[in-house]
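Okay, so here's the structure we're looking at.
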Amino acid sequence: MLARGTTPRIEVLQKLDFGRCRLALAVPQEFEFEGLPSIAGKRIATTYPHVLARFLHEHAITAEIVTLSGAVEIAPRLGRADLICDLVSTGSTLTANHLREVAVVLESQVCLVRTPVALPDIKADWVRRLLVRVDGVQQVRESKYIMLHAPRSAPGADREAAARQRVPHGHSARRHRRQGRGARRLSRNRVLGDARKPESRRCQRGPGTACREDARMKSPLDILDWATLDEATRDAVLRRPVQRDAAGLLERARSIVADVRARGDEALREYTARFDDVHLQSFAVSDAEFAAAEAALTPVQRAALERAIDTITRFHELQTLPPLRLETAPGVVCERMTVALESVGLYVPAGTAPLPSTALMLAVPASIAGCPVRVMCTPPRPDGSADPAVLVAARLCGVRKVFKVGGAQAVAAMAYGTESVPKVVKIFGPGNAWVTAAKQIVAQDADGAALDMPAGPSEVLVIADESARPAFVAADLLAQAEHSVDAQVLLVAVSRQLAEACVAEVARQLATLPRREIAGKAIAESRVIIVPTIAAAMEVSNRYAPEHLILQVTRPRDLLLQVQNAGSVFLGSWTPETMGDYCSGTNHVLPTYGHARAYSGLSVFDFVKRITVQELTADGLRNLGPTARTLAQLESLDAHANAVTVRLDALAQAGNA
């Protein structure tokens with residue numbers, strides 16, 4: 085309401101000399117702070133983005149503001165930010181979270197204010213009396229709270245009355261019990277920011293002890309005690325990494341989609357040159373390229389692909405539905421038939437690593453469903469070729485149309501068609517943020533293509549009890565973390581000793597990985613949570629809704645009935661998530677980013693439509709028609725009712741003839 089450089093919209097009647105605090109910048113103890121310029125380009129977590137933005141602007145500093153609704157102090161330890169901007173009073177919370185204050189953004193205290201308008205005499209007199217009483221209380225510095233129940237005496241006597249009510253110990257001798265309780269609940273009105281830009285969230289601090297858990301352990305993962313966290317902090321702990329500049333990315337993806345739709349292959353060539361640094365005249369994979377891919381794979385590699393196809397096919401063949409036919413009433417037959425989608429687009433990523441397994445997971449169910457047109461897109465390699473393993477996987481699954489196009493431009497090409505790439509009705513497959521954004525854009529367009537499911541970065545949650553082997557747990561966490569820097573892994577353990585052993589093992593194994601830089605960045609956004617019981621662990625898992633759920637516990641199958649939200653579940657110590665990724669038989673295209681609350685993993689069902697059929701005989705219409713007519717009349721849909729009536733009348737006339 086009152087801030088530097090703003091026009092006051094309120095009048096300060098009295099500063100109340102309590103609730104003093106400041107909005108301060110604080111950095112981790114190890115942060116090398118060399119004045120405000122040293123925070124340029126850093127991520128700053130805060131609950132007050134508008135005030136912080138104004139402060140940064142005043143000091144000509146460019147930094148990323150990460151807006152949080154609570155638990156700001158633990159943001160640096162969770163990898164969400166480099167420093168924080170939060171309310172500080174004594175500074176004890178900063179110390180508890182290994183932070184130190186380096187600059188004051190704004191100072192505040194509680195004030196009595198009113199709008200600067202003329203008041204009627206009676207209200208003006210009431211305000212004067214109130215100010216006298218407040219001033220009387222402030223004369224006695226031991227008092228913490230404003231006592232508004234002083235006797236209604238003349239203004240001149242109010243200050244003396246307030247003083248007489250004090251006793252040597254600094255407490256009111258006549259304080260009403262209810263008044264005391266009210267004082268403790270008195271809100272601290274902060275005079276911060278511009279009233280025209282209200283902060284949308286209150287500052288909710290997580291308990292310091294939880295944030296200090298395992299402070300002595302130098303490890304890639306933070307250990308948090310679930311039982312000590314309040315609800316706001318729990319939400320923060322389970323929140324996925326926020327995609328930076330999501331709105332801007334969506335707009336850029338929208339621009340690419342529109343450009344490819346308008347210019348076709350010409351736009352594809354330009355984007356392939358820009359993003360993949362490859363100049364292609366033809367996008368279609370030729371027969372010669374397929375042959376070269378076959379020659380590039382060893383017999384062992386080809387056999388592994390064939391073995392995976394076999395197990396995936398076995399499981400997915402059981403997902404086909406037989407035709408359904410039922411006589412629901414005499415003379416009324418209802419049916420359901422399954423029809424394959426006429427054309428499908430299969431997107432196989434090849435960002436930091438090619439994914440022939442994804443080619444299998446998409447192409448096998450598409451083949452079983454019987455989709456006549458199956459188009460596959462995958463990004464080109466630096467030499468302009470497609471990954472050989474992806475091409476062999478496609479050929480083994482019967483996919484003949486493969487195009488060397490990646491990213492949002494590939495999605496647009498399949499959604500709208502170009503001179504080279506056929507148009508499809510639905511697009512399948514995972515991808516980066518650009519691919520996901522493009523799939524969402526074309527799915528909202530009636531002329532575009534449907535998508536398989538909403539998705540985000542890969543993730544895994546492991547529940548472990550005392551029977552779990554730390555080496556196994558760490559291996560599962562790192563297997564998911566190496567996917568990409570925005571992957572997320574969570575461990576929910578029933579003991580601190582187990583959690584610390586797993587964290588130590590993660591650090592040991594991480595150091596040996598070729599992709600340790602990618603995995604390490606993903607680990608920085610990850611969590612280890614200690615829970616008191618397995619039941620509590622299941623609550624955490626269902627709340628998070630992981631893409632992959634691994635149960636490394638003594639009796640994992642006993643927990644299946646408690647699983648409500650998960651993409652795919654892996655039971656026991658001998659079931660690494662890797663098996664589901666490649667060859668156990670289940671599909672590895674799964675809902676991520678919490679979408680497992682409402683979506684299932686990919687299956688044959690996603691490649692077909694289920695169409696219902698009904699047929700009535702004359703007797704069936706006589707029997708059930710009056711029911712339909714009555715319901716239509718209830719809804720005032722007379723034409724609906726008439727469609728039945730004209731037929732019933734015709735049957736009645738034929739019967740009378």
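The numbering of the sequence shown is our numbering, which starts it at 85 and goes up by one. All C-beta atoms, glycine included, are put in the ideal place defined by N, C-alpha and C. None of these values were measured; they are calculated from a predicted model.
Start-to-end residues for the beta strand (DSSP E) that takes in residue i
| i | result |
| --- | --- |
| Ser-427 | 427–431 |
| His-758 | The structure shown has nothing for residue 758, since the chain only spans 85 to 741. |
| Ala-413 | 408–413 |
| Cys-195 | 195–198 |
| Leu-742 | Residue 742 falls outside the range modelled here, since the chain spans only 85 to 741, and no answer is possible. |
| Pro-112 | 105–112 |
| Ser-192 | 183–192 |
| Ser-652 | 652–655 |
Element boundaries [alpha helix (DSSP H), containing residue i]
| i | result |
| --- | --- |
| Lys-605 | 600–607 |
| Ala-563 | 554–565 |
| Glu-550 | That residue, Glu-550, is in no alpha helix (DSSP H); it is neither H nor E in DSSP. |
| Leu-444 | 440–453 |
| Arg-627 | 618–628 |
| Ile-393 | 383–401 |
| Glu-589 | 580–594 |
| Lys-523 | 517–527 |
| Phe-374 | 371–380 |
| Leu-322 | 315–322 |
Contact check, residue i vs residue j, beta carbons under 8 angstroms
| i | j | result |
| --- | --- | --- |
| Phe-689 | Gln-493 | no |
| Thr-131 | Val-156 | yes |
| Ile-607 | Leu-594 | yes |
| Leu-430 | Phe-512 | yes |
| Val-615 | Val-423 | no |
| Asp-306 | Arg-161 | yes |
| Val-489 | Val-505 | yes |
| Leu-574 | Ser-551 | no |
| Cys-481 | Ile-602 | no |
| Ala-159 | Ala-110 | no |
| Cys-455 | Leu-425 | yes |
| Met-498 | Val-457 | no |
| Pro-433 | Pro-514 | yes |
| Thr-317 | Gly-154 | yes |
| Gln-698 | Cys-418 | yes |
Expected contact under 8 angstroms - CB spacing of residue i and residue j to nearest Å
| i | j | result |
| --- | --- | --- |
| Arg-127 | Asp-170 | About 14 angstroms; that fails the 8 angstroms criterion. |
| Glu-503 | Asp-360 | Actually they do not touch by this definition, with Cβ atoms about 19 angstroms apart. |
| Val-211 | Glu-95 | The Cβ separation is near 10 angstroms, so there is no contact. |
| Ala-517 | Val-526 | So it is not a contact: roughly 15 angstroms between Cβ atoms. |
| Val-576 | Ser-625 | 7 angstroms |
| Ala-77 | Thr-662 | Residue 77 lies beyond the residue range present for the chain, which begins at 85 and ends at 741; the question has no answer from this structure. |
| Ala-50 | Val-341 | The requested residue 50 does not occur in the structure, where the chain is confined to residues 85 to 741. |
| Thr-397 | Ile-452 | 7 angstroms |
| Ala-496 | Arg-345 | 6 angstroms |
| Arg-324 | Gln-572 | 6 angstroms |
Sequence-distant residues of its chain with Cβ nearer than 6 angstroms to residue i (five each side left out)
| i | result |
| --- | --- |
| Leu-148 | The sequence given here has Glu at residue 148, not Leu. Within the same chain, Glu-148 has close Cβ partners Arg-127. |
| Arg-420 | Leu-408, Arg-694 and Thr-696 |
| Val-362 | Thr-356, Pro-464 and Gly-468 |
| Arg-106 | Val-172, Val-188 and Glu-191 |
| Ala-241 | Per-residue confidence for Ala-241 stands at a pLDDT of 44, beneath the threshold of 50, marking its modelled position as unreliable; no derived number is given. |
| Thr-395 | Cys-667 and Gly-669 |
| Ala-108 | Val-172, Glu-185 and Val-188 |
| His-260 | Any reading at His-260 needs caution, since the residue's pLDDT is 39, under 50, leaving its predicted position unreliable; the model's value is listed next. Counting only Cβ-Cβ distances below 6 angstroms, and skipping sequence neighbours, we find nothing. |
| Glu-631 | Glu-543, Gly-651, Leu-674 and Thr-676 |
| Thr-151 | Pro-133 |
Residues near residue i by beta carbon distance below 8 angstroms, same chain, minus five either side
| i | result |
| --- | --- |
| Arg-553 | Gln-636 and Ser-657 |
| Ala-413 | Gly-704, Asn-707 and Leu-708 |
| Leu-97 | Cys-195, Leu-196, Val-197, Arg-198, Val-211 and Leu-215 |
7 angstroms CB neighbourhood of residue i in its chain, flanking five on each side removed
| i | result |
| --- | --- |
| Lys-99 | Gln-193 and Cys-195 |
| Arg-479 | Phe-374 |
| Gly-501 | Lys-507 |
| Leu-364 | Arg-353, Thr-356, Pro-464, Gly-468 and Lys-488 |
| Glu-390 | Leu-480 |
| Arg-627 | Leu-322 |
(message) Below 8 angstroms, how does it come out for the stretch 526–545 and the stretch 563–574: are there three or more Cβ pairs, yes or no?
(response) The stretch 526–545 is in contact with the stretch 563–574.
(request) Say whether the stretch 672–688 touches the stretch 438–455, bearing in mind that this needs 3 or more beta-carbon pairs closer than 8 angstroms, one atom from each stretch. (result) Taking 8 angstroms as the limit for Cβ pairs, the verdict is that the stretch 438–455 does touch the stretch 672–688.
(message) Can you confirm whether the stretch 582–591 touches the stretch 556–565 when touching is taken to mean that 3 or more C-beta pairs between the two stretches lie within less than 8 angstroms?
(response) Yes: at least three Cβ pairs fall under 8 angstroms.
(message) Check whether the stretch 640–656 and the stretch 672–679 are in contact - that is, three or more C-beta pairs closer than 8 angstroms.
(response) Contact between the stretch 640–656 and the stretch 672–679 is established, with three or more Cβ pairs separated by less than 8 angstroms.
(message) Counting beta carbon pairs with one atom in the stretch 376–385 and one in the stretch 470–478, are three or more of them shorter than 8 angstroms?
(response) Yes, the stretch 470–478 is in contact with the stretch 376–385.
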